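Protein chains in written order, with my numbering: chain A, 19 to 133; chain B, 604 to 718.
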Amino acid sequence: GNSVTQMEGPVTLSEEAFLTINCTYTATGYPSLFWYVQYPGEGLQLLLKATKADDKGSNKGFEATYRKETTSFHLEKGSVQVSDSAVYFCALSARNAGNNRKLIWGLGTSLAVNP
Amino acid sequence: NAGVMQNPRHLVRRRGQEARLRCSPMKGHSHVYWYRQLPEEGLKFMVYLQKENIIDESGMPKERFSAEFPKEGPSILRIQQVVRGDSAAYFCASSPPGGLNEKLFFGSGTQLSVL
Chain A
19 GNSVTQMEGP
29 VTLSEEAFLT
39 INCTYTATGY
49 PSLFWYVQYP
59 GEGLQLLLKA
69 TKADDKGSNK
79 GFEATYRKET
89 TSFHLEKGSV
99 QVSDSAVYFC
109 ALSARNAGNN
119 RKLIWGLGTS
129 LAVNP
Chain B
604 NAGVMQNPRH
614 LVRRRGQEAR
624 LRCSPMKGHS
634 HVYWYRQLPE
644 EGLKFMVYLQ
654 KENIIDESGM
664 PKERFSAEFP
674 KEGPSILRIQ
684 QVVRGDSAAY
694 FCASSPPGGL
704 NEKLFFGSGT
714 QLSVL
C-alpha cells in the first residue's frame with residue numbers, strides 16, 4: 019500500500035545550521051509529494067510540493083527534490099532560524115480504491131531551533 | 604479573506620457526553636476533510652465530505668462518530684458518549700471544488716479533552 023516514513027524527531031539545531039529531514043515513500047503509480055508545516059498552536063500549512071520525478075519544490079528557503087530512484091523527498095534548508103521551529107509533515111497524494119486522490123501522511127518531525 | 608474556521612478551540616467534556624466540533628471551510632471551498640492528531644500517532648484521516656455527501660469515511664470509527672456537511676452551514680463532527688481515548692486535536696481542512704484535492708487549507712483545530 020501507500021505509505022510515508024519520516025525521520026523521527028525531535029530535531030534540535032542552532033540558528034544558521036543546515037537542516038535535513040528525511041522522508042521516503044512507498045506508492046503505486048505516480049504520486050505527488052508534499053511538505054506541510056505546523057507552527058505551535060496552528061493548523062498545517064502547505065510548505066512546498068512536487069508533482070513528478072526530479073521536480074524541486076521550494077519555499078521560504080526550504081527545498082525538496084522528488085527522487086523516484088530512491089523514493090525520497092528529503093526536506094532541506096541551508097540556514098535555519100528560530101522562527102522555523104515547528105512540526106514538519108511529509109505527505110503523498112495517490113489514488114485510493116475509489117479512485118479519489120488521498121493524502122497519506124508521515125508522523126511528523128518536530129524541529130526546535132535555538133538562538 | 605477568512606481561512607478555515609474551527610470552533611471551539613478547546614472543548615472539555617466528561618465521559619459519556621457528546622462533543623460537537625464545527626468547521627467552516629474557506630469561501631468557495633466545497634470539500635471538507637477531518638483529521639485527528641495524537642502525539643504518538645501523527646495525523647490520521649477520518650472523513651472526506653462534499654456538500655451533503657460523505658465521499659470517504661474510511662478513517663471514521665464505526666461507532667459513536669459521525670460527520671455531516673449540510674447544504675447550508677458548517678461541517679459538524681459529532682462524537683457521542685465520549686471516552687478518554689477521544690481526547691485529541693481534531694483538524695478540519697478544505698479544498699476548492701473540482702480540482703486537486705491535495706492542497707489543503709487547515710483550520711487551527713479543536714483540542715478535545717475528555718475528563
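We put the beta carbon where it would ideally sit given N, CA and C, even for glycine. Owing to the predicted nature of the structure, the values given are computational and were not obtained by experimental measurement.
Using only the alpha-carbon positions, how far apart do L641(B) and T713(B) sit? 12 Å
Between Y57(A) and V29(A), what straight-line distance do the alpha-carbon atoms span, to the nearest angstrom? 15 Å
Give the residues of chain B in contact with W123(A), contact being defined as C-beta atoms less than 9 Å apart. Y638, G645, L646, K647, F648
Buried versus exposed call for G702(B) [16 or more other C-beta atoms within 10 Å across all chains shown]: Confidence is the limiting factor: at G702(B) the pLDDT is only 49, short of 50, which leaves the residue's position unreliable, though a coordinate-based value still follows. G702(B) should be labelled exposed.
Could you spell out where the beta strand (DSSP E) holding M548(B) opens and where it closes? Chain B is shown only over 604 to 718; residue 548(B) falls outside these bounds and no answer can be derived.
What three-state label does DSSP hand V100(A) in the structure shown? helix
Under 8 Å by beta carbon: chain A residues contacting G710(B): G61
Please check if any C-beta of chain B sits within less than 8 Å of the C-beta of F36(A). no
Going by the beta-carbon positions, is the gap between L31(A) and V131(A) smaller than 8 Å? yes
Using a Cβ-Cβ cut-off of 8 Å, state whether G19(A) counts as contacting chain B. no
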